[in-house]
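Heads up: the structure comes next, in structure tokens.
There are 2 protein chains.
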Amino acid sequence: MMLSFRCFLFSTSSPSSYFSIFLPKPHSFLPFTFSQKLGSYTTSSSAQSMPSKLLFRQLFEKESSTYTYLLADALHPEKPALLIDPVDKTVDRDLALVKELGLKLVYAINTHVHADHVTGTGLIKTKVPDVKSIISKASNAKADLFVEPGDKIYFGDIFLEVRATPGHTLGCVTYVTGDGPNQLQPRMAFTGDALLIRGCGRTDFQGGSSDKLYDSVHSQIFTLPKDTLVYPAHDYKGFTVSTVGEEMLYNPRLSKDKETFKNIMQNLNLSYPKMMDVAVPLNMVCGLQET
Amino acid sequence: MMLSFRCFLFSTSSPSSYFSIFLPKPHSFLPFTFSQKLGSYTTSSSAQSMPSKLLFRQLFEKESSTYTYLLADALHPEKPALLIDPVDKTVDRDLALVKELGLKLVYAINTHVHADHVTGTGLIKTKVPDVKSIISKASNAKADLFVEPGDKIYFGDIFLEVRATPGHTLGCVTYVTGDGPNQLQPRMAFTGDALLIRGCGRTDFQGGSSDKLYDSVHSQIFTLPKDTLVYPAHDYKGFTVSTVGEEMLYNPRLSKDKETFKNIMQNLNLSYPKMMDVAVPLNMVCGLQET
């Protein structure tokens, strides 16, 4: 028998509660303060006693070396799914995979306003109209829903929590799988360009700040359990995943002290991103020109 | 206290025993027939009561779109590791990662004699002399150790079993993580070029045969549990993993009947691989010119 319940995105009142809040099933969230209602699903009562099971796919777009991530609750009857950092050029591939896997795509999410590719979120919405786009409120970009630090994004019984990790851009966030008895172990951090494998995003445009980036990574990512899997928005050397523990030890920039890090970032002498003047304006409006 | 035990690669007497053999720890393998002794390690007695834990990394080489896989037994005190299908150009990256992760690289393994890139096995052996190279006996290539169908390759308490999957080349094998109470769930199949995600390797050179490839995939890979993860040697569209169940349903070539498959393969009209005349002779000798 199918029982209806609601799927919420809600704020916690204090950043310190990231780790301490007990995370019951979405339908029993009444003690918490809801900030936004994101949709409705159905579930079976039997599924509620089963552990969550993540269906996970990492997808690569070669031209911009971008990773898109597909996550779904495979035990939920509707298999609600989300895409993190989809790219316009690979939307058809991603949606075909969603269909083949029998998933219901619910959210298309960005970690930040990208400067090196056009987001696929707008295109996805034209092809699957029920999908809601999500980006941080701090990004000042357009989307259907805006998240703030401490918000939780549920898909089925699994959730991502939102952590503010500005420094590459002002509005960068990291999405981290939740902490709790029915959540995933080890946790997974989708770090965007804040933390790359053995690297990090540049800090010389879009409100970037090496000072802020250092604080973001050290306070919001390096405080996660060391076995937390790090899934960045890009990789240029063929790495697919790292861990918090590895990056704390071996990241050639962020394992250093703050002043050394700031010096490294000030002396990168990077060229102007060739896609920036096209990508940023488009990404500020979800990847589609306003009509 | 450290107890020494041996790490073996051994043959089973019958292909039908792939699924039925009870797989105890390597040190209690005496009832079985050993075919080759591959090295020695140490372990702690406490580790023997713990489940095996795989450390796994998928690594990408952009030019040939090759995936290299790093696997290690993270619970074993020595963290014995192996690399599947390393590429010469990314050997330094791979060995640096092995070092950072504190692994002891034991084997460098090929699924087949590649025609599109030079294997990294020879170069790895010059940099880490204790590493043993492995390839199938049927490949007729040079290596330290040769495997045949039914052989098992142990690294710590985890093993790969060898399945013959000819058709792309005569000597292609698929390495599958073992079946057993202490082995990995879901299983993982490293399919080389026999089965790609929504595709397969060409069958028009190196002893290739579309007839053989169809039989190989259907008898040796599609008979695995449907949730078995498929990790191919290449992907050209940005996919990183699939499952046996998915490929049985959605592989545009191998989900068809045999005659249709053979017709598809006969009409691909592919160009001659640009690296073939360099790569194949080198790969027949483990990636290094003989001195």
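First to last, the protein sequences are chains C and E. Under the numbering used here, the residues of the first sequence are numbered 730 to 1020, in order. Under the numbering used here, the residues of the second sequence are numbered 730 to 1020, in order. Even glycine gets a Cβ: it sits at the ideal position worked out from N, Cα and C. These figures come from a predicted structure and were not determined experimentally.
Cβ neighbours of residue i in the same chain (closer than 8 Å, five flanking residues each side left out)
i, result
"Lys856 of chain E", "Val820, Leu824"
"His846 of chain E", "Glu790, Glu792, Ser793, Thr795, Val816, Asp817, Lys818, Met1004, Ala1008"
"Gly907 of chain C", "Leu752, Lys881, Ile887, Phe888, Leu889, Glu890, Leu913, Arg916"
"Leu694 of chain E", "For chain E, the structure presents residues 730 to 1020; residue 694 of chain E sits outside this window and is missing."
Chain-order list of residues whose beta-carbon lies under 7 Å from that of residue i (same chain, five-residue window excluded)
i, result
"Pro981 of chain E", "Arg927"
"Gly937 of chain E", "Gly896, His897, Thr898, Arg931"
"Ala962 of chain C", "Thr795, Tyr796, Asp814, Thr840, Gly921, Asp922"
Whole-angstrom distance between residue j and residue i, CA atom to CA atom
i, j, result
"Leu953 of chain C", "Met994 of chain C", "24 Å"
"Leu852 of chain C", "Phe951 of chain E", "35 Å"
"Glu976 of chain E", "Thr894 of chain C", "38 Å"
"Phe763 of chain C", "Thr969 of chain E", "Note that Phe763 of chain C has pLDDT 25, beneath the 50 cutoff, so the model's placement of it is unreliable and no number is given."
"Leu783 of chain C", "Arg892 of chain C", "21 Å"
"Ser948 of chain E", "Pro815 of chain E", "27 Å"
"Leu800 of chain E", "Leu832 of chain E", "10 Å"
"Leu997 of chain E", "His897 of chain E", "14 Å"
"Glu890 of chain C", "Ser971 of chain E", "27 Å"
"Asp880 of chain E", "Tyr798 of chain E", "19 Å"
"Arg822 of chain E", "Ile863 of chain E", "20 Å"
"Gly1016 of chain E", "Lys854 of chain E", "10 Å"
"Asp933 of chain E", "Leu924 of chain C", "44 Å"
"Pro878 of chain C", "Val842 of chain C", "17 Å"
"Cys929 of chain E", "Lys808 of chain E", "33 Å"
"Gly768 of chain E", "Gly900 of chain E", "Unreliable placement is indicated for Gly768 of chain E, whose pLDDT of 28 sits below 50; the coordinate value is still reported in the next sentence. Distance between the alpha carbons of Gly768 of chain E and Gly900 of chain E: 25 Å."
"Leu804 of chain E", "Lys991 of chain C", "38 Å"
"Val860 of chain E", "Pro806 of chain C", "47 Å"
"Lys985 of chain E", "Ser1000 of chain E", "24 Å"
"Leu811 of chain E", "Val946 of chain E", "24 Å"
"Asp944 of chain E", "Val876 of chain E", "20 Å"
"Leu874 of chain C", "Leu874 of chain E", "57 Å"
"Pro858 of chain E", "Tyr836 of chain E", "11 Å"
"Thr957 of chain C", "Asn869 of chain E", "43 Å"
"Gly967 of chain E", "Gly967 of chain C", "12 Å"
Chain-order list of residues whose beta-carbon lies under 6 Å from that of residue i (same chain, five-residue window excluded)
i, result
"Lys955 of chain E", "Val973, Gly974"
"Ala844 of chain C", "Pro1002, Met1005, Ala1008, Val1009"
"Val1057 of chain C", "Absent from the model: residue 1057 of chain C. The displayed extent of chain C is 730 to 1020, so no value can be given."
"Gly849 of chain C", "Pro815, Val816, Asp817, Val820"
"Ile813 of chain C", "Tyr798, Ile838, Phe919"
"Leu1011 of chain C", "Val847"
"Tyr965 of chain E", "Ser794"
"Arg786 of chain E", "Leu799"
"Gln935 of chain C", "Thr898"
Residue of the options minimising C-alpha distance to residue i
i, options, result
"Glu988 of chain E", "E:Lys941, E:Lys966, E:Val876, E:Glu890", "E:Lys941"
"Asn839 of chain C", "C:Tyr796, C:Leu983, C:Asp802", "C:Tyr796"
"Ala867 of chain E", "E:Leu812, E:Lys861, E:Pro806, E:Val902", "E:Val902"
"Tyr979 of chain E", "C:Ser939, C:Glu829, C:Phe990", "C:Glu829"
"Tyr960 of chain C", "C:Gln935, C:Leu913, C:Asp922", "C:Asp922"
"Leu834 of chain E", "E:Leu874, E:Phe884, E:Leu804, E:Asn869", "E:Phe884"
"Leu983 of chain C", "C:Ser939, C:Val876, C:Leu999, C:Thr957", "C:Ser939"
"Tyr904 of chain E", "E:Gly967, E:Leu788, E:Lys985, E:Ser865", "E:Ser865"
"Asp802 of chain C", "C:Val946, C:Asn911, C:Asn869, C:Pro858", "C:Asn911"
Any non-hydrogen atom of the ligand HEM within 7 Å of residue i CB
i, result
"Leu942 of chain C", "Ligands are entirely absent from the displayed structure, and the ligand HEM is therefore not among its contents."
Exercise. In the segment 924-975 of chain E, which residue ranges form an unbroken alpha helix (DSSP H) of at least 4 residues, counting only runs that do not cross its ends?
Worked result: 939-945
Exercise. Mind listing which residues of the segment 792-824 of chain E have their C-beta closer than 7 Å to chain A's C-betas, in chain order?
Worked result: Any reference to chain A falls outside this structure, whose protein chains are C and E.
Exercise. Fully enclosed by the segment 805-838 of chain C, which alpha helix (DSSP H) runs are 4 residues long or longer?
Worked result: 820-829
Problem set entry | Length-filtered (4 minimum) alpha helix (DSSP H) runs lying within the segment 846-888 of chain E | 850-856
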